[in-house]
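Presented below is the structure to which this report refers.
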Amino acid sequence: MNTIRPCGCKGVRTCLKCEQDFGIEKTNLKDEFEKLDAWSWCIKCQKLYRGWNTNEIQLQHPEHLKDDGLDLPGIVVQTEFISADEGRKTMNDLDSLPWCISQSGRRKQNFGPKTNFKKRKIQNGNFEGFPEITKYLQKRLCEVPLLKDFQTIEQCSLEYDPTKGASIDPHIDDCWIWGERVITVNCLGDAVLTLNLYKDCLEKQLKDITKYNLDLVPTYEHQLLQPLMASEQLKMFEDKIIRIPMPCLSLIVLYGPARYQFEHSVLREDIQERRVCLAYREFTPMYLEGGLSHNKGVEVLKNATNFW
Numbered sequence: 008m009n010t011i012r013p014c015g016c017k018g019v020r021t022c023l024k025c026e027q028d029f030g031i032e033k034t035n036l037k038d039e040f041e042k043l044d045a046w047s048w049c050i051k052c053q054k055l056y057r058g059w060n061t062n063e064i065q066l067q068h069p070e071h072l073k074d075d076g077l078d079l080p081g082i083v084v085q086t087e088f089i090s091a092d093e094g095r096k097t098m099n100d101l102d103s104l105p106w107c108i109s110q111s112g113r114r115k116q117n118f119g120p121k122t123n124f125k126k127r128k129i130q131n132g133n134f135e136g137f138p139e140i141t142k143y144l145q146k147r148l149c150e151v152p153l154l155k156d157f158q159t160i161e162q163c164s165l166e167y168d169p170t171k172g173a174s175i176d177p178h179i180d181d182c183w184i185w186g187e188r189v190i191t192v193n194c195l196g197d198a199v200l201t202l203n204l205y206k207d208c209l210e211k212q213l214k215d216i217t218k219y220n221l222d223l224v225p226t227y228e229h230q231l232l233q234p235l236m237a238s239e240q241l242k243m244f245e246d247k248i249i250r251i252p253m254p255c256l257s258l259i260v261l262y263g264p265a266r267y268q269f270e271h272s273v274l275r276e277d278i279q280e281r282r283v284c285l286a287y288r289e290f291t292p293m294y295l296e297g298g299l300s301h302n303k304g305v306e307v308l309k310n311a312t313n314f315w
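Counted the way our numbering counts, the sequence shown spans residues 8 to 315.
What follows is the structure in structure tokens.
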């Protein structure tokens with residue numbers, strides 16, 4: 008079913024409503040992932056420890072032994088990135104703006120250029136900058152050492168509604184246009200980000216993987232903040248599932264191996280209440296000054312400094 012359904016879903020993307028209305032059967036990702044060896048991120052240790060439940064892993068923290076932990080480069084979870092008052096105000100401000108239906112039971116507010124990932128074409132379109140109400144967040148991002156030079160070129164509000172079975176399927180953010188650092192600010196609700204090794208990264212060289220435009224990564228790999236893992240290192244994550252807590256009011260960043268060599272998803276079972284987050288994306292080096300496609304991104308970069 009490739010037509011866009013009234014709920015906003017299309018193709019393999021589904022929500023509880025269209026599954027019921029159209030009799031769509033969908034594989035339960037949680038059941039599939041639970042068959043794997045689960046490891047969860049301890050925010051304080053900044054390591055992975057065996058276990059599915061991220062809350063339990065945090066509670067066990069004082070007893071964690073570093074030798075029992077597993078390293079996965081490219082993960083940042085910073086709790087209390089915004090205050091409770093800032094979270095409430097931001098939610099009121101976002102809800103004063105129109106929401107659009109999206110796939111898999113989500114709604115969104117998108118501010119950024121028009122992109123065609125298959126044809127690798129970008130247009131500024133109607134993009135004129137970002138809502139003034141979120142300016143403080145972009146400013147605060149640049150106060151984080153890892154993000155000091157981060158220039159937002161897309162900001163997207165995403166709402167996950169548990170009554171609709173909201174989720175997002177495993178994927179890697181496009182590597183043609185979106186840069187290394189993939190940022191999420193959780194404004195409302197707790198959730199979990201689930202990572203699984205993208206097996207093509209183990210079986211092939213990146214230059215041979217066209218899905219997600221991963222074949223372009225080797226052209227700017229030398230500029231990454233965190234080197235990618237070699238096949239021998241990646242093999243440690245075969246048949247493992249990675250669980251990253253995303254507490255309310257927190258900042259989450261994926262970069263390096265966690266961003267390029269693992270798919271990430273949000274399972275509907277991990278959405279127990281309304282969740283709203285802000286996703287931030289930057290350009291790849293190709294569209295920055297000195298890059299081969301810089302001239303195609305100049306208008307977008309200029310407008311990305313505006314707030315209205």
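Even glycine gets a Cβ: it sits at the ideal position worked out from N, Cα and C.
Buried or exposed (CB count within 10 angstroms, at least 16 for buried), residue i
i, result
"Thr170", "exposed"
"Met236", "buried"
"Asn193", "buried"
"Glu289", "buried"
"Ala45", "buried"
"Cys112", "Checking the sequence, you will find Gly at residue 112 rather than Cys. Gly112 comes out buried."
"Phe314", "exposed"
"Arg95", "exposed"
"His68", "exposed"
"Gly119", "buried"
"Cys25", "buried"
"Val260", "buried"
"Thr217", "exposed"
"Asn302", "exposed"
"Asn99", "exposed"
"Ser238", "exposed"
Opposing strand residues paired with residue i [DSSP bridges]
i, result
"Glu270", "Asn203"
"Thr312", "Answer by DSSP bridge pairing: none, since Thr312 is not bridged."
"Ile259", "Val84, Thr191"
"Pro252", "Val199"
"Tyr178", "It is worth fixing the name first, because residue 178 is His in this sequence and not Tyr. His271."
"Asn123", "Lys128"
"Val283", "Glu166, Leu195"
"Arg57", "Trp46"
"Trp185", "Phe290"
"Phe137", "Phe314"
"Glu161", "Arg288"
"Lys247", "Asp44"
Candidates the options: closest to residue i by CA position
i, options, result
"Asn35", "Asp197, Ser90, Val307, Asp176", "Asp176"
"Asn203", "His71, Leu79, Cys25", "Leu79"
"Glu228", "Asp246, Tyr267, Gly297, Ala91", "Tyr267"
"Gly30", "Arg12, Tyr294, Ala45, Val151", "Arg12"
"Leu213", "Trp46, Trp315, Asn123, Cys182", "Cys182"
"Cys188", "Tyr167, Leu148, Leu165, Leu209", "At residue 188 the sequence reads Arg, which differs from the Cys that was named. Taking only the C-alpha atoms, the option nearest Arg188 is Leu148."
"Ser109", "Glu270, Gly172, Arg250, Asn133", "Gly172"
"Pro292", "Arg114, Leu241, Leu223", "Leu223"
"Thr201", "Gly58, Gln27, Gly15", "Gly58"
"Phe124", "Leu258, Ile184, Lys155, Ile89", "Ile184"
"Leu66", "Gln145, Pro252, Gln279, Gln240", "Pro252"
"Gly15", "Ser238, Lys115, Ile160", "Lys115"
"Tyr205", "Asp168, Ala198, Cys107, Met243", "Met243"
"Asp74", "Asp92, Ile64, Lys54, Asn62", "Lys54"
"Gly196", "Phe269, Thr217, Gln233, Tyr167", "Tyr167"
"Ile64", "Leu258, Arg250, Lys211, Asn302", "Arg250"
"Cys163", "Phe137, Lys155, Asp277", "Phe137"
"Pro264", "Pro69, Pro234, Pro254, Phe134", "Pro234"
"His71", "Ala91, Ser90, Thr86, Trp48", "Trp48"
"Arg20", "Ser272, Ala311, Leu295", "Ser272"
"Lys155", "Leu232, Thr122, Glu135, Asp92", "Leu232"
"Phe88", "Leu144, Thr122, Leu261, Cys107", "Leu144"
"Ile50", "Asp207, Thr86, Ser174, Gln158", "Thr86"
"Phe269", "Gln240, Glu280, Tyr294, Glu296", "Gln240"
"Glu210", "Asp28, Asn131, Gly186, Glu245", "Glu245"
Integer-rounded CB distance, given that residue j should sit under 8 Å from residue i
i, j, result
"Leu274", "Lys17", "That belief does not hold up - the Cβ atoms of Leu274 and Lys17 are roughly 20 Å apart, past 8 Å."
"Ala286", "Thr191", "5 Å"
"Val283", "Leu104", "Between Leu104 and Val283 the Cβ distance is about 12 Å, and since that is not below 8 Å, they are no contact."
"Lys153", "Val83", "First, the residue type needs correcting, since residue 153 is Leu and not Lys in the sequence shown. At roughly 6 Å, the Cβ-Cβ gap stays under 8 Å, so Leu153 and Val83 are in contact."
"Tyr56", "Gly81", "Not confirmed; about 18 Å, so no contact."
"Leu43", "Ile248", "4 Å"
"Leu344", "Ile160", "Here the chain covers residues 8 to 315 and nothing more, so residue 344 does not appear."
"Ala198", "Asp277", "5 Å"
"Asn310", "Phe40", "Contact flag wrong, Cβ pair sits at about 40 Å."
Min CB distance residue i to chain B below 8 Å
i, result
"Ala91", "Given the protein chain composition of this structure (a single chain), no chain B is represented."
Task: 3-residue-minimum beta strand (DSSP E) runs that sit fully inside the region 75-121, ordered along the chain - done: 82-85, 113-118
TODO: Pick out the complete beta strand (DSSP E) segments inside the region 8-49, 3 residues or longer, and give them in chain order.
DONE: 44-49
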